[in-house]
Amino acid sequence: MRELVARYLNHSLSRRGFVRGLTKAGLTATAAQSVLGSVSSVSLAQDAAPAAATSKAAASVSATVANASAAAVKPFQGTGGAAFAEQLIACGVKYVFGNSASEDAQFYEALVDRPQLKYILTPHEGPGAAMAAGYVKASGEPTIVMQAAVVGMANAIGQMFNAWKEQTPLVVYSYRTDQSRRAGRDGFEEVANQEQIVQPITKFTWLSRRPDMIPETIRRAFKAAWTPPNGPAYISWHSDYNDERVRTEIIAQDQFDPRMRVRPNPDEIERAAKLLVEARMPLLIVGDEIYKAKAVAKAVKLAEMLGMPVTQVRQLYANFPESHPLWVGNVPAGTLRSQTWPKDADVIINVGNKFQHNSPAPIVPRGPKFIDMRIDFASMGNVMLTEVPLVADVGLGLDDLTVAVGQLMTPALKQKAAERADEVRRFSENARKLRGQVVNSPDWDQSPLIADRVTYEVAKFADPDAIIVHEAGSVALHSFDFNPIGGRELFFYYGAHLGSGVGTAAGVKLARPNQQVICLVGDGSFVFGPTALWNMARLELPVITVVYNNHAYSGPHSRVVSNVPGGRMVQTGQFVHDYLGDPDMNMADIARGFGVKGEVVETPAQLREALTRARQHTVEGKPYLLDVQVARKGVGWADKPWTPPIRIAGLRQKKV
Amino acid sequence: MTVRPIVLGLAGALAFLATASAQQPQAPNPGREAVMSKCFQCHTDAMFRDARQDRRSWEAAIYRMIGRGGLYTDEEIKLMADYLGTEFGPNAKPATPAK
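Quick note, the sequences are listed as chains A and B, same order.
Here the numbering used here is used: position 610 in the first sequence is 621, and no number is missing along the way.
Here the numbering used here is used: position 97 in the second sequence is 80, and no number is missing along the way.
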C-alpha cells in the first residue's frame, strides 16, 4: 500500500488506478475511497508545502490506513513455499528475480495461481541481482532476489556488495541446501552458517528457525532493508521448510513498516541557518539522499535563497540540475581541494552525500565550518569535523532549513545573496563555455574514436528525459546536462563490483518503460555481466547498450603506471594485467548470442548512423547494442600491446 | 577498479618538474606555471614521470582532462601543450630512471 500511496503522490498513478490498486490489495471499495480522500489531502498539503499541514494530513492517512488494514492480517495454511509467495505479495512485491533453484519447488508451484507475483528468470545471479537493484532504484518498489543455496548466493554477493555501498534496499533469499534433519553432514552444496558469509555487507541477516516463521522472517527483511538508511537484507531457511505445511499469518506491509521519516533537531536547524546566512561564501554539496527523497527542487530552492554554489562528490545519481546557474560542476578528483571554484568557501553544507573517501585527505578540508545533513547517521563525523549535524530525512530537513533561513533573511542579506548568485552565475557560464571546448581535441575525428567523442554523440542523441546507466569506469561523462527534475537522469555506480551496468539498465527499463534507457559500459565491465541482455530480449526491454570497447582495462593500466613510475613495466611495455585483445572480443556477436541485435562501430560517422538504427529498434520494442571501437590513451600503450607468451601449441604432443 | 583520486603533492611536483628540464636554474615559464596550477589540482607528479610524447599528444591529453571536468582557457591549453611538448617530448630523458 505504501508504494501505491507513493506513486499516487508522485502523480505516476491516477485516482482510478490508485483505487483499483487498493481494492486489488484487498480493501473494500468504501475503505479504498476513504484512503483516497486522506491521501488526496496529503497531496494538497504537499503542494501547499507547510510541513505541519503535511504531517497532519499524513497522520490522517496513517489512521485511515490503519483502520483499513485491520483486515490486513490473514491467517494462512499451506506449504512454506506458498506462505513465502503470499508474504511477498503482502509486502507489495510484483517482480521476483531468480535463478533456478530446485528446492524452491513449492514456491514455484505457488506462483502458478498467483499471477500478480511475476518471476523473472535471470541466467546468472550477479546480473540478475543488478537487474533487481536497478528496478528498485528506478521504481522505489520492493523486490526480492533468490538463488540456489550458497552456490547461487556466492554469485550474487558482488551485487549485494554494491547494494550495501549504494544503500539499495534489496532483499536476497537463498535456502540452505541441507534439510533440517540432515544438516551438518557435508551434504551437496552445503556450507556451515552460510548467512554469515554476507553479514558484513547486509543490514540484516536471518535464518528462519521454523517453517511457520518464514513470513515473519520475510517481513523483518523488508522492514530492515526499507527503513532508512536503506541497505540489503539476506534471509535463509532449511530447504525442506518450503515443502512443509504451515499455519501462520500473512501480514500486509503497512502493518510493520515504521514509516521512518526523521525531522532534524530544531536547535541544530537554527544554528545551521545562522551559519549559512552569515557565510561569506557558503557551498552546497549534494548527494543521493536528495534523489531518493525526491527533494531536488527543495535543494534548488535553498541554494537559490542563499545564492549558494552547488557541487557534488561521486554519487550514483545527478542530484542537482547541471544547467542551473548555481551548479559549478562535479568535484573532479574526490576532494574539494581539486575544485576550481570556489576555493574560499567558509561554510560548507552537505545534503545527503555519503562521501566516498578514496584518499587519506578529507573530502571537506579542515577550516570551513561544516554542516552535515543526512539520514545516514553512522557515517557522519567519521572523517570531517562536523559543526552542525542534522540527522534527518533530507526532504524534511531541507523544508525546515529553508523555513529557518527564510526567517533570518533581512533585505541586506538578500542583497548579499543576490550579489553572490551573480558571481556564481558568471563562473558557471564561463565554466560551461570552457567545458564545451572538449570538441576541439585534435583527436576529435579519429578512428578508433576517443571516448569523449562517443560520449558527446550519445549525449546529442539521447532523449531530453533519457536515463543514462553508466558503468564505463574510466569514462567521465560530459555534455548530458543531467536534470533530475524531469530531464535526463543518471544511474552511476558507487560500489564498483563490476558487471552491474547491463543488469541495472534492464531493471531500470522494467521500472520506467516510457523513458529511453541508454546503458554506457566499458568492455571490461560488460563482459562481467552480459547475461541480462537475454532478459532484455525476452522481456522486450528496448535498452540501447553502448560498449566503449578499447579492448583493455584502461583504469587499472593508468593506475599501475602511476603506482610504479619509471618501472620495468613502462620500460619494456610488458603489462600483464590490462590488455583484453589478441583476440579481440566482439561484443555485437556476444549480444547476438543472447538474442540482441547490434553492430561494431569504428568511426564517428558510423556511430551517428548506428544510433539512428538503435532508435529504430527500440521504437519497435527491441534492445540494441553498439560495440564502439575506442582508442587506448595514456602512458605505455603500444599499437599492438604485448601479451604474456603463454601458448600451449608448442607443448601439445597429440592433436586432440 | 574504482577511479582513484590522487593526493595532491605540490612539493614533489615542483621538485620533479625541476628535474625534468636538466636541472638548470629555471626562468619563469608560464607553461610550467599553468601545469603547476591546473594539473596538480588532481594529479601528482607520478602522472608525468613516464609520459613522453609530442606536443599534439599532450594537447589531446589536456582536452581529455576537459572531458573530466578540467577548466582551461585557450591560452592556458596552448601554454601547457607547448611546455609539456618541449619538456616531456618523445626524446626527453626519463626523470626517474628505474632502479
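Note that the Cβ used here is the ideal one computed from N, Cα and C, for glycine as well.
Extent of the continuous alpha helix (DSSP H) run through residue i
i, result
"P516/A", "For clarity, residue 516/A is Ala in the given sequence; the question names Pro instead. Unbroken alpha helix (DSSP H) run through A516/A: G512 to A522."
"F215/A", "Counting along the chain, F215/A falls outside any alpha helix (DSSP H), though it belongs to the beta strand (DSSP E) covering F215 to L218."
"N166/A", "A160 to E177"
"E59/B", "D57 to E70"
"L636/A", "No alpha helix (DSSP H) contains L636/A, which is instead part of the beta strand (DSSP E) from Y635 to Q640."
CB contact below 8 angstroms: residue i versus chain A
i, result
"R47/B", "yes"
"R15/B", "no"
"E56/B", "Note that residue 56/B is Thr in the sequence shown here, rather than Glu. Closer than 8 angstroms to some Cβ of chain A, the Cβ of T56/B qualifies, so yes."
"M19/B", "no"
"A29/B", "yes"
"D33/B", "yes"
"A43/B", "yes"
CB contact check: residue i to chain B, cutoff 8 angstroms
i, result
"W648/A", "no"
"H489/A", "yes"
"V449/A", "yes"
"V572/A", "yes"
"A442/A", "yes"
"G577/A", "yes"
"R499/A", "no"
"R663/A", "no"
"R431/A", "no"
"V558/A", "no"
"R436/A", "no"
"V402/A", "no"
"T351/A", "yes"
"R377/A", "no"
"K67/A", "Low confidence applies to K67/A: its pLDDT is 49, below 50, so where it sits in the model is not reliable, and the reading given next is rough at best. Not an interface residue."
"D265/A", "no"
"D581/A", "It should be noted that the sequence gives Val, not Asp, for residue 581/A. It does: the Cβ of V581/A has a partner Cβ on chain B nearer than 8 angstroms."
"L445/A", "yes"
"D492/A", "no"
Residue i: contacting residues in chain B (beta-carbon distance under 8 angstroms)
i, result
"P343/A", "Q24, C25, R51, G52 and G53"
"K644/A", "A43, A44 and R47"
"R193/A", "Those within 8 angstroms of R193/A in chain B number zero; the least Cβ separation is about 41 angstroms."
"D355/A", "Here the premise fails: no neighbours, minimum Cβ distance about 15 angstroms."
Endpoints, beta strand (DSSP E) assigned at residue i
i, result
"R756/A", "There is simply no residue 756/A to check, as chain A begins at 12 and stops at 667 in what is shown."
"D383/A", "K380 to R385"
"E482/A", "I478 to E482"
"I262/A", "R256 to I262"
"E440/A", "Unbroken run through E440/A is the alpha helix (DSSP H), P422 to R446; no beta strand (DSSP E)."
"F502/A", "E500 to F502"
"K7/A", "With chain A covering 12 to 667 only, the question about residue 7/A has no answer from this structure."
"N560/A", "I555 to N560"
"P400/A", "V399 to V402"
"L509/A", "No beta strand (DSSP E) holds L509/A; DSSP gives it neither H nor E."
"S185/A", "V182 to S185"
"V528/A", "V528 to G533"
Where residue i meets chain A, residues with beta-carbon distance less than 7 angstroms
i, result
"E70/B", "Within chain A, no residue comes near E70/B; the closest Cβ sits about 15 angstroms away, beyond 7 angstroms."
Within chain B, the residues that residue i reaches when beta carbons sit closer than 7 angstroms
i, result
"G340/A", "G52"
"D678/A", "Outside the modelled stretch of chain A, which goes from 12 to 667, sits residue 678/A, for which no answer is possible."
Contacts that residue i makes with chain B (C-beta to C-beta distance below 9 angstroms)
i, result
"S452/A", "E42, A43, I45, Y46, R47, I49 and G50"
"V513/A", "Those within 9 angstroms of V513/A in chain B number zero; the least Cβ separation is about 16 angstroms."
Length-filtered (3 minimum) beta strand (DSSP E) runs lying within the stretch 287 to 369 of chain A
293 to 297, 321 to 323, 338 to 341 and 358 to 362
Meets three-Cβ-pair contact criterion under 8 angstroms: the stretch 520 to 527 of chain A and the stretch 140 to 150 of chain A
yes
At least three beta-carbon pairs within less than 8 angstroms, the stretch 177 to 188 of chain A to the stretch 236 to 244 of chain A
yes
With three or more C-beta pairs closer than 8 angstroms as the rule, is the stretch 555 to 565 of chain A touching the stretch 528 to 540 of chain A?
yes
Would you be able to state if there are at least three C-beta pairs under 8 angstroms between the stretch 339 to 359 of chain A and the stretch 312 to 331 of chain A?
yes
What are the complete alpha helix (DSSP H) segments, minimum 4 residues, inside the stretch 83 to 171 of chain A?
91 to 101, 116 to 123 and 136 to 150
Assess, as a yes-or-no matter, whether the stretch 611 to 626 of chain A is touched by the stretch 458 to 473 of chain A under the definition of 3 or more beta carbon pairs within less than 8 angstroms.
yes
Given 8 angstroms, three or more beta-carbon pairs between the stretch 63 to 71 of chain B and the stretch 16 to 33 of chain B:
yes
List in chain order: all unbroken alpha helix (DSSP H) runs of 4+ residues lying wholly within the stretch 206 to 247 of chain A.
225 to 237
Stretch-stretch touch, CB-based, cutoff 8 angstroms, three pairs: the stretch 195 to 203 of chain A with the stretch 538 to 545 of chain A
no
Should the stretch 637 to 649 of chain A be called in touch with the stretch 450 to 461 of chain A, which here means at least 3 C-beta pairs below 8 angstroms?
yes
Say whether the stretch 418 to 429 of chain A touches the stretch 264 to 273 of chain A, bearing in mind that this needs 3 or more beta-carbon pairs closer than 8 angstroms, one atom from each stretch.
no
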